[in-house]
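One structure is given here, and the rest of the page talks about it.
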Amino acid sequence: MAPVIHMPEPLCLVKNTNGRLVANPKALTILSAITQPVVVVAIVGLCRTGKSYLMNRLAGKSKGFSIRSTVQPHTKGIWMWCVPHPKKPDHTLVLLDTEGLGDVEKGDKKNDTQIFVLALLLSSTFVYNTMNKIDQRDIDLLHYVTELSGLLRTVSSPDLDGIEDAADFVSICPDLVWTLRDFYLDLEAHGQLITADEYLENSLRPKQGTDQGLQNFNLPRLCIQKFFTVKKCFIFYLPTLRKKLAQLETLRDDDLDPEFVQQVADFCSYIFSHSNAKTLLGGIKVNGSRLESLVLTYVNAISSGDLPCMEDAVLALAEIKNLAAVQKAIAHYDQQMFQKVQLPTETLQELQDLHRASEREAIEVFMKNSFKDVDQGFQKKLETLLEARQDDFHKRNSEASLDRCSALLQDIFHPLEGDVKRGIYLTAGGHRLYVQKTEELKAKYYQEPRKGIQAEEALQKYLQSKESVRDRILQTDLALIEREKEMEEAHVKAEVLKAEEQRMWVAVLRQYQQMMEQRQRILQEQVRQMERNRMFQHPLQQRALDLRHHCQILWKITEELEICMKINEFLRVAEKTLAEEKAKRESSEKEKKLHEQKVKKLLKKCENLTRAFMEFKAKMTEEIRVRESLLKEMNERIKMLKAKMNNNNESKQNTEMTALQRPRKQ
Ligand SMILES: Nc1nc2c(ncn2[C@@H]2O[C@H](COP(=O)(O)OP(=O)(O)O)[C@@H](O)[C@H]2O)c(=O)[nH]1
Ligand SMILES: [Mg+2]
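For the sequence shown, full-length UniProt numbering assigns the number 666 to the last residue and increments by one with no breaks.
Printed below as a string of structure tokens:
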């Protein structure tokens with residue numbers, strides 16, 4: 001069985017020390033000893049409205065929480081009284097009484113609010129104690145506090161005993177019990193009697209309509225409805241005669257208004273039977289020690305400034321609601337833009353149209369959620385934020401366009417860059433081809449969709465970056481054209497030289513042919529002469545001389561042939577010059593090959609010519625040899641003829657002599 005808690009009187013749980021909330025270690029020790037689930041009933045409201053009195057009644061005591069009939073304030077903060085639960089023996093009832101709210105002497109609204117919020121967060125039943133009737137000011141204050149508590153409801157605590165994943169926990173919203181003290185109105189609406197709960201429901205019911213005034217009326221009500229799912233209202237009449245109120249603590253129930261006594265009894269009965277144990281999200285029941293952790297966690301969170309500090313509740317509430325409305329509007333704008341905008345947009349206009357549509361919707365969202373936006377300060381703030389968002393989208397649109405265009409350019413121009421690297425355009429006429437190819441690729445780039453607003457600039461930048469490449473291609477092109485021109489000239493020169501050479505050879509051959517014809521004629525003449533000589537036995541010596549003369553002519557031909565050899569030498573020199581020319585022009589493999597081929601051709605020709613010449617020379621030498629042997633033979637013949645002639649002459653003389661002698665003998 002759980003140890004029975006014995007707490008003869010309340011203790012201060014959280015006190016206000018020099019404007020700071022501090023947990024009382026003594027009270028925390030008591031809490032830590034409670035192993036039972038705790039039903040935490042906290043009461044909040046302006047000071048001297050009978051809160052402590054009511055809490056004492058819940059504790060079943062006439063004394064306990066300090067009841068002050070004077071205007072002198074008591075210790076500020078939250079007072080705690082842990083008592084056995086009168087209806088649930090396995091639960092402990094923890095009563096939290098707040099002190100000092102709305103204390104004119106203290107004048108510290110910030111501290112009031114903090115105590116209010118802390119009580120809301122710690123309780124499982126939250127008693128909101130107000131005077132006379134439900135008015136707008138009470139509703140606004142409750143709304144404000146619920147909003148503030150929302151900022152702290154999820155807190156991190158490393159030391160929540162027994163909770164495995166205690167890094168983040170969420171305190172479940174408490175039930176609301178609205179106590180109306182000194183209620184003097186008739187509980188009726190539209191001529192019909194109503195209950196206190198119906199009165200509360202009516203007071204929190206939103207009105208139909210959309211104008212700003214109605215929105216300001218509805219918003220806090222809707223928030224309270226949403227925050228407190230369980231709501232209850234109790235009305236209390238004046239307990240007794242006004243003059244006796246100061247001694248209320250000492251008065252017996254018989255001395256009080258019986259209706260008041262009944263109302264208090266009903267209230268206590270409801271609390272005992274309907275108030276649940278404090279629970280965290282996930283159904284985690286809070287015991288004394290967990291409540292201790294909650295107290296420490298929330299007090300620390302509040303002390304470290306997690307709770308906004310604002311003087312005027314309504315203003316602060318407006319601040320909270322309008323900030324939230326701005327955030328909601330911005331979130332809506334972002335969501336719309338992310339859904340609709342596909343960056344980069346084709347045109348700037350496209351982006352601006354989408355921005356305007358999303359901006360309009362965002363402002364509508366803001367209007368729906370805003371609350372008392374005095375001078376449209378928050379709407380202006382929203383407009384400034386949306387403008388910044390638009391600038392950001394423009395920037396991102398520009399960047400996305402640049403990225404897309406860069407990737408496209410890289411993709412489209414990559415093959416051309418490869419060709420440039422391989423030197424395909426480093427030829428005569430390469431520049432024209434390069435420009436032509438660039439134009440083709442530009443057209444392809446222009447055809448690509450969704451390049452965005454940076455399309456032209458990206459292309460121009462790319463082309464600028466390739467200008468040095470284009471220049472290099474152009475320079476090479478011009479240099480190669482110049483070289484080709486030079487080669488053409490050299491070719492023409494070589495052709496002229498070749499033609500000259502051919503002409504010379506033709507002249508030489510013609511001359512030779514003429515000489516041969518001449519010699520033929522001479523030989524024919526010689527033969528004819530020889531025939532005549534043979535016939536007429538004319539002086540052969542002269543003929544021999546003639547033949548010698550012809551031989552001389554032949555030698556002259558030989559000399560001229562030597563001249564031809566010199567011409568051949570000249571050709572060799574020309575060939576050498578061409579080779580030097582070739583060396584000069586060797587700048588590329590292709591040229592070199594061409595040049596070598598040309599030189600080879602020339603060399604081949606020269607070789608053919610030399611061979612022809614050598615054949616010719618051999619032929620001529622053979623001819624000379626034949627002619628010389630012919631000459632020799634002829635000389636032999638002449639000799640023989642001469643000898644024959646001499647013999648003939650001698651025999652003739654002998655005959656004549658014989659003839660002469662013969663008669664003498666007779
Ligand atoms: N008018 C009125 N006075 C009350 C009521 N209940 C208590 N009081 C008196 O109001 C004064 C302040 O009471 P107290 O409980 O200390 O108020 P607290 O400051 O809200 O805690 C005391 O003199 C009480 O006797 C009530 O219902 N109506
Ligand atoms: Mg009090």
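The beta carbon of each residue, even a glycine, is placed where N, CA and C say it ideally should be.
Original post:
Mind checking Asn397: buried by the 16 CB within 10 Å criterion, or exposed?
Top reply: buried
Original post:
Closest to Ile5 by CA distance: which of Ile34, Pro25 and Glu456 is it?
Top reply: Ile34
Subject >> heavy atom of ligand 2 below 7 Å from Phe65 C-beta >> reply: yes
Original post:
Taking contact to mean at least 3 C-beta pairs separated by less than 8 Å, is the stretch 416-436 in contact with the stretch 367-387?
Top reply: The stretch 416-436, when compared against the stretch 367-387, does not touch it at the 8 Å Cβ threshold.
**OP:** Could you round the C-beta distance between Ile557 and Tyr512 to whole angstroms and report it? I think they count as a contact, below 8 Å.
**Re:** 7 Å
Original post:
Are the stretch 394-410 and the stretch 450-460 touching, with three or more C-beta to C-beta distances below 8 Å?
Top reply: Flag = yes, the stretch 394-410 and the stretch 450-460 touch.
**OP:** Starting from the Cα of Ala357, find the closest Cα among His332, Glu517, Lys380 and Gln208 and give me that residue.
**Re:** Of the candidates His332, Glu517, Lys380 and Gln208, the one whose C-alpha sits nearest the C-alpha of Ala357 is His332.
Original post:
Taking the alpha carbon of Arg470 as the point to measure from, which residue in Thr279, Thr438, Leu238 and Pro84 has its own alpha carbon closest?
Top reply: Thr438
Original post:
According to DSSP, which residues form a beta bridge with residue 667?
Top reply: The shown model of the chain, from 1 to 666, leaves out residue 667, and the question about it has no answer.
**OP:** Could you check what DSSP says for Leu405 in three-state terms: helix, strand or coil?
**Re:** A small fix is needed here, since residue 405 is Cys in this sequence, not Leu. DSSP places Cys405 in helix when its eight states are reduced to three.
**OP:** Please confirm if Glu467 has its CB atom under 8 Å from at least one CB of chain D.
**Re:** Among the chains in the structure shown there is no chain D, since it carries only a single protein chain.
Subject >> Assumed close pair Leu602, Leu578 - CB separation to whole angstroms, cut-off 8 Å >> reply: 6 Å
**OP:** Starting from the C-beta of Gln342, find all residues in its chain whose C-beta is less than 8 Å away, skip the five residues before and the five after it, and write them out in chain order.
**Re:** Arg450, listed in sequence order.
Subject >> Same chain, Cβ closer than 6 Å to Val94, five either side skipped, listed in chain order >> reply: Val38, Val40 and Cys82
Original post:
If we count the other Cβ atoms within 10 Å of its Cβ and call it buried at 16 or more, is Tyr199 buried or exposed?
Top reply: buried
Original post:
For the alpha helix (DSSP H) that Arg181 lies in, which residues bound it at each end?
Top reply: Per DSSP, Arg181 belongs to no alpha helix (DSSP H); it is in the beta strand (DSSP E), Asp175 to Arg181.
Original post:
What do you reckon, is the C-beta of Ser52 under 7 Å from a heavy atom of ligand 2?
Top reply: Yes, the Cβ of Ser52 comes within 7 Å of a heavy atom of ligand 2.
Original post:
Between Asp477 and Glu623, what straight-line distance do the alpha-carbon atoms span, to the nearest angstrom?
Top reply: 59 Å
Subject >> Residue from Lys498, Val264, Asn216 and Gly283 whose Cα sits closest to the Cα of Phe366 >> reply: Taking only the C-alpha atoms, the option nearest Phe366 is Asn216.
Subject >> Lys61 to Thr240 span [Cα, whole Å] >> reply: Whole-angstrom Cα-Cα distance: 19 Å.
Subject >> Spatial distance of Glu359 from Glu399 (CA atoms) >> reply: 22 Å
**OP:** Would you identify the three-state DSSP class for Thr621, choosing helix, strand or coil?
**Re:** Here Thr621 sits in helix by DSSP.
Subject >> Beta-carbon proximity of Thr92 to Leu120, cut-off 8 Å >> reply: Not in contact: Thr92 and Leu120 (Cβ atoms no closer than 8 Å).
Subject >> Residues near Lys372 by beta carbon distance below 6 Å, same chain, minus five either side >> reply: Asn216 and Ala318
**OP:** Please determine if the stretch 262-271 and the stretch 283-301 are in contact, where contact requires at least 3 C-beta pairs separated by less than 8 Å.
**Re:** Three or more beta-carbon pairs separated by less than 8 Å are not found between the stretch 262-271 and the stretch 283-301, which leaves the two stretches without contact.
Original post:
Just the Cα atoms here: how many angstroms apart are Met337 and Lys380?
Top reply: 20 Å
Original post:
Ordered along the chain, which non-local residues of its own chain (more than five positions away) have a Cβ less than 8 Å from that of Met7?
Top reply: Counting only Cβ-Cβ distances below 8 Å, and skipping sequence neighbours, we find Ile30, Trp81, Cys82 and Val83.
Original post:
Closer than 7 Å: is that where the CB of Gly60 sits relative to any heavy atom of ligand 1?
Top reply: Relative to ligand 1, Gly60 has its C-beta separated by 7 Å or more from all heavy atoms.
**OP:** Report the residue from Trp79, Ser401 and Thr195 whose alpha carbon sits nearest the alpha carbon of Pro344.
**Re:** Ser401
Subject >> Buried or exposed by the 16-neighbour rule on C-beta atoms within 10 Å, applied to Thr195 >> reply: exposed
**OP:** Check Lys15 in the structure and name its three-state DSSP category.
**Re:** strand
**OP:** State whether the stretch 229-244 contacts the stretch 169-183, with contact taken as three or more CB pairs (one from each stretch) at a distance under 8 Å.
**Re:** yes
**OP:** Would you mind sorting Glu580 into buried or exposed? The rule is 16 or more other CB atoms within 10 Å of its CB.
**Re:** exposed
Subject >> Residue closest to Asn129, alpha-carbon to alpha-carbon, out of Leu176, Tyr144, Pro258 and Lys466 >> reply: Leu176
Original post:
Taking buried to mean at least 16 other C-beta atoms within 10 Å of its own C-beta, is Tyr144 buried or exposed?
Top reply: buried
Subject >> Residue(s) in a DSSP beta bridge with Val44 >> reply: Note: Val44 sits in a beta bridge opposite Tyr128.
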